[in-house]
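Some notes on the structure that comes next.
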Amino acid sequence: MFNPVKSNFYRPFAVSVTGVALVALALTGCAATSSPSATSAETAKSVVYVQGVSGNAFFTSVTCGAQAEAKAEGVTFSFQGGADYSPQAQTPILNAVIAKHPDGIIISPMAGVAMVPPLTQAKQASIKVVFVDSTAADSSLAESFVSSDNTAGGALAAQKVVAELGGKGTVMVMGATPGISTTDARQKGFEAEIAKSAGITLLPTQFSESTPATATAKLSAVIAAHPELNAVFAVSTQEVEGVAVAVKTAGLSGKLGIIGFDTSDPILADVQSGLVTGLVVQEPLSMGKIAMQQMVKSLTGDSTTPVVNTPFVYLTKDNMSDPSINQFIYKTSC
Numbered sequence: 010m011f012n013p014v015k016s017n018f019y020r021p022f023a024v025s026v027t028g029v030a031l032v033a034l035a036l037t038g039c040a041a042t043s044s045p046s047a048t049s050a051e052t053a054k055s056v057v058y059v060q061g062v063s064g065n066a067f068f069t070s071v072t073c074g075a076q077a078e079a080k081a082e083g084v085t086f087s088f089q090g091g092a093d094y095s096p097q098a099q100t101p102i103l104n105a106v107i108a109k110h111p112d113g114i115i116i117s118p119m120a121g122v123a124m125v126p127p128l129t130q131a132k133q134a135s136i137k138v139v140f141v142d143s144t145a146a147d148s149s150l151a152e153s154f155v156s157s158d159n160t161a162g163g164a165l166a167a168q169k170v171v172a173e174l175g176g177k178g179t180v181m182v183m184g185a186t187p188g189i190s191t192t193d194a195r196q197k198g199f200e201a202e203i204a205k206s207a208g209i210t211l212l213p214t215q216f217s218e219s220t221p222a223t224a225t226a227k228l229s230a231v232i233a234a235h236p237e238l239n240a241v242f243a244v245s246t247q248e249v250e251g252v253a254v255a256v257k258t259a260g261l262s263g264k265l266g267i268i269g270f271d272t273s274d275p276i277l278a279d280v281q282s283g284l285v286t287g288l289v290v291q292e293p294l295s296m297g298k299i300a301m302q303q304m305v306k307s308l309t310g311d312s313t314t315p316v317v318n319t320p321f322v323y324l325t326k327d328n329m330s331d332p333s334i335n336q337f338i339y340k341t342s343c
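All residue numbers for the sequence shown refer to this note's numbering, where the first residue is 10 and numbers rise by one.
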């Protein structure tokens, strides 16, 4: 049995950010482009955000943060994203953006190695690049990298699982697509932390290929083969949504715990119902804002910060209405 939620267990956890203040953004009217006034249009810099995938609440929130800051900075801004979460979907979009030669590209690279060739092409074309959320295998391609500490986030998820299980039980990780820096780091952080608990058995990691339906199918198979399974750590939105379906279908809601990373409207509903126990939640609005700030610095010749770590918290049914936690919930529109 997955232990009931204890009120003193789910206290907000935040990673401190040196020199970066938490920003609560009041954003309205999110649109495809954001342009400066007519008087500055001729000299305005153009920046494009290439999302990890379109229609995802996390990347929508990053977009909203970047768009608001672009407006404040007098930068012409637009964004594009692929139909699915894969380098095959992102690469042609990035190539098309490079061909239009904007002044800067903010991107959430889909895969560390696969995106290096087009990003190298962007750098050779003197297009400034800033990474947000994920990074490429060659970090020198970007002026700055803005992200949560995903390894620490994975470790936090492991600590929550161990506490829920009282230090004993069987656990599994539902990974995404190997090669994505963010989800790889979360998996690594979780596995390293869980290994500290001798009473926890960790089953082999399954990979969803960043598709909820695949996560559902793979977890369903594991449940059938390992009825002793007590908890699953799902590394991102797609995985959380997929494993939630598998657990609910198996009739194990409240018995087989789900600790996840990131949110969406369906996931928040599952937290409210008790199907999902808790979530490590990032602050993508601030990520987008800071990424644009770093981009503007690079475009104007100012020094940039190579790595900026943004905060995260642990969200549960008990604290999700707390303003200090609620502000981290992702946006489906600006």
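Glycine is no exception: its CB is placed at the ideal position from the N, C-alpha and C atoms.
What you are looking at is a predicted structure, and each value in this text was computed from that prediction instead of being measured.
Close beta carbons around residue i, own chain, < 6 Å, minus the five adjacent residues each side
i: residue 331; result: none
i: residue 188; result: 120, 121
i: residue 273; result: 66, 246
i: residue 155; result: 141, 296, 299, 300, 317
i: residue 219; result: 94, 185, 186, 247
i: residue 216; result: 184
i: residue 270; result: 195, 244, 245, 289
i: residue 337; result: 290, 292, 322
i: residue 254; result: 225
i: residue 214; result: 182, 184
i: residue 147; result: 125
Buried versus exposed call for residue i [16 or more other C-beta atoms within 10 Å across all chains shown]
i: residue 239; result: buried
i: residue 335; result: exposed
i: residue 285; result: buried
i: residue 33; result: Since pLDDT at residue 33 reaches only 35, below the 50 mark, its modelled position is unreliable, and no value is offered.
i: residue 279; result: buried
i: residue 264; result: exposed
i: residue 159; result: buried
i: residue 75; result: buried
i: residue 198; result: buried
i: residue 227; result: buried
i: residue 258; result: exposed
i: residue 157; result: buried
i: residue 117; result: buried
Sequence-distant residues of its chain with Cβ nearer than 7 Å to residue i (five each side left out)
i: residue 237; result: 179
i: residue 192; result: 184, 185, 244, 245
i: residue 250; result: 221, 273, 275, 276
i: residue 287; result: 19, 169, 268, 323, 324, 325
i: residue 107; result: 127, 130, 131, 134, 136
i: residue 341; result: 66, 69, 274
i: residue 204; result: none
i: residue 314; result: 153, 303
i: residue 206; result: 171, 176
For residue i, the three-state DSSP class (helix, strand or coil)
i: residue 318; result: strand
i: residue 220; result: coil
i: residue 65; result: coil
i: residue 259; result: coil
i: residue 209; result: strand
i: residue 240; result: strand
i: residue 296; result: helix
i: residue 127; result: helix
i: residue 96; result: helix
i: residue 122; result: coil
i: residue 144; result: coil
i: residue 330; result: coil
i: residue 343; result: coil
i: residue 229; result: helix
i: residue 160; result: helix
i: residue 175; result: coil
i: residue 245; result: coil
i: residue 72; result: helix
The ligand NAP heavy atom lying under 8 Å from the CB of residue i
i: residue 68; result: With respect to the ligand NAP, the structure offers nothing, as it holds no ligand at all.
Residues bridged to residue i [DSSP beta-bridge criterion]
i: residue 324; result: 288
i: residue 113; result: 56, 137
i: residue 337; result: Paired residue(s): none; residue 337 is not in a bridge.
i: residue 215; result: 183
Endpoints, the beta strand (DSSP E) within which residue i is located
i: residue 179; result: 178-184
i: residue 85; result: 85-89
i: residue 269; result: 266-270
Cβ-based neighbour list, residue i, same chain, cut-off 8 Å, excluding 5 preceding and 5 following
i: residue 22; result: Note that residue 22 scores a pLDDT of 38, beneath 50, so its modelled location is shaky; the value from the coordinates is reported in the next line. For residue 22, where only same-chain residues beyond five positions count, the Cβ hits under 8 Å are 165, 321, 322, 323.
i: residue 112; result: 54, 55, 56, 136, 137, 308
i: residue 72; result: 39, 58, 60, 88, 297, 343
Residue range of the unbroken alpha helix (DSSP H) whose run includes residue i
i: residue 157; result: Unbroken run through residue 157 is the beta strand (DSSP E), 153-157; no alpha helix (DSSP H).
i: residue 192; result: 190-203
i: residue 278; result: 274-282
i: residue 309; result: First-last for residue 309: undefined, no H or E at that position.
Below-9 Å beta-carbon distance, residue i vs any chain E residue
i: residue 270; result: Absent from the structure is chain E; it holds one protein chain and no more.
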